[in-house]
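Novice: Here the working numbering is used: the first residue of the sequence shown is 2, the next is one more, and so on.
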Amino acid sequence: MLFSRNVFARAFCAGLVVSCSFAAFGEALYVVDHGSKVLSFDVIGDELIFRNEVSVPRGGGIDLAIDDEHNILFRTVEGSSGIDIVEAHTMTYIKTVNMPELVNSGIVYDARYRQLLCVQRNSNNLYILDWNPGEQTITMQLPHIELAEITYACDLAFNGDILYVSEYRHYGEPTYTKVYAYDMNDSFAYLGTFDMEYPIVGMDYKTSDNSIYGGAWQGQDNQYIVKKMLDPNTVIVKDIGANVIGLNANNSTSGRVFVTTYRNEGTIETVSYTHLRAHETSLHLVCRLLLE
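Below is the structure:
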């Protein structure tokens, strides 16, 4: 989701979030639960091996981003403003930066400019935050940007200089199936939309196959992952039998997609077409799927 370098920051939703980074010791998976914990796992072959966890003073975690160069995780929460900062390798809570504008925010990290991009969910407001890793400060650029055409911004993803934003109204109808595109080199000018054909909440962009992956967190009919290939214009849908909470399209590992779901209330599973393995944790479900 962050261009062509080996940095992967998050996936989204009210509940659980997944983040992946490719570090010197191998691939790591970071998960924020809807309480106060952030957990890390090593990805070894087809298994997720629990490594460490940290408790953050505020509960209600919903989204996660990563500065892979400086080993920093950024966490947003539901019903409370600001951004929590966590050291990713040692899993140590550093501090919370108060940002009154950022409540229930989707977040991604742009390593090229050391900036965090945040959308205020259920609005069209985009906030650009400058990150200083030396001083560990976050400064908001003013004024914020009002994204054109979209009304209920939800999740974010990158493709080079194109920002993709999903739309989802958390309370009430209608449901939305379109993803909006904006030009990051032209003050986030509106470029158009494409239709995922199914409601999309959490999403991510995968560079290697030029595709958007997404899913929805509620509804009996929304237990799927959608793969939207941008060229050629094709949609592939995989029924996983559970609603998607968070999603990360990881470019470094065999085309896999990491997802969190509500299934089984306390299991992490590694899922492919041919096998299933489980590792018990206090989390909901983390699935790893290969869509081909």
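C-beta atoms are modelled at their ideal positions from N, C-alpha and C, and glycine is treated no differently. The model shown is predicted, which means the values in this text are computed figures rather than measured ones.
The beta strand (DSSP E) with Trp132 in it runs from where to where?
Specialist: Per DSSP, Trp132 belongs to the beta strand (DSSP E) from 126-133.
Novice: In its own chain, which residues sit with a C-beta less than 8 Å from the C-beta of Val202, not counting the 5 before and 5 after it?
Specialist: Excluding sequence positions up to five before and after Val202, its CB lies within less than 8 Å of the CB of Phe13, Cys14, Cys155, Asp156, Ser167, Tyr169, Gly215, Gly216, Ala217, Trp218, Val245, all in the same chain and listed in chain order.
Novice: By Cβ distance, which residues of its chain are closer than 6 Å to Lys228, with the 5 residues on each side in sequence left out?
Specialist: The answer, listed in chain order, is Ser212, Tyr214, Ile237, Leu292.
Novice: Per DSSP, what kind of secondary structure is Thr152 in: helix, strand or coil?
Specialist: In this structure, Thr152 counts as coil in the three-state DSSP scheme.
Novice: If you draw a straight line from the C-alpha of Ile146 to the C-alpha of Asp131, how long is it?
Specialist: 15 Å
Novice: Are the beta-carbon atoms of Val104 and Ile84 separated by less than 9 Å?
Specialist: No; because the gap between Cβ atoms is not below 9 Å, this pair is not in contact.
Novice: Since Asn125 contacts Thr91 with CB under 8 Å, what's their CB separation in whole angstroms?
Specialist: Going by Cβ atoms, the distance from Asn125 to Thr91 rounds to 38 Å, so no, they are not a contact pair.
Novice: Considering Asp85, what are the terminal residues of the beta strand (DSSP E) in which it resides?
Specialist: 84-88
Novice: Rounded to the nearest angstrom, what separates Asp162 and Asp196 at their Cα positions?
Specialist: The straight-line gap from Cα to Cα measures roughly 20 Å.
Novice: With DSSP as the reference, please indicate the residues paired to Glu79 in a beta bridge.
Specialist: Glu79 pairs with nothing; no bridge assigned.
Novice: Out of curiosity, what's the CA-to-CA distance linking Thr176 and Tyr183?
Specialist: 21 Å
Novice: Taking 6 Å as the limit between beta carbons, can you name the residues of its chain near Ala149, skipping five residues before and five after?
Specialist: Excluding positions up to five away in sequence, the list reads Tyr191.
Novice: Should Ile73 be labelled buried (16 or more other beta-carbon atoms within 10 Å of its own) or exposed?
Specialist: buried
Novice: Are Gly36 and Asp64 closer than 9 Å when you measure CB to CB?
Specialist: No, Cβ-Cβ distance for Gly36 and Asp64 is not below 9 Å.
Novice: Could you tell me the distance, in whole angstroms, from the CA atom of Asp71 to the CA atom of Gln137?
Specialist: The sequence shown places His at residue 71, not Asp. Roughly 10 Å between the two C-alpha positions.
Novice: In terms of residues, what are the limits of the beta strand (DSSP E) holding Met141?
Specialist: 138-141
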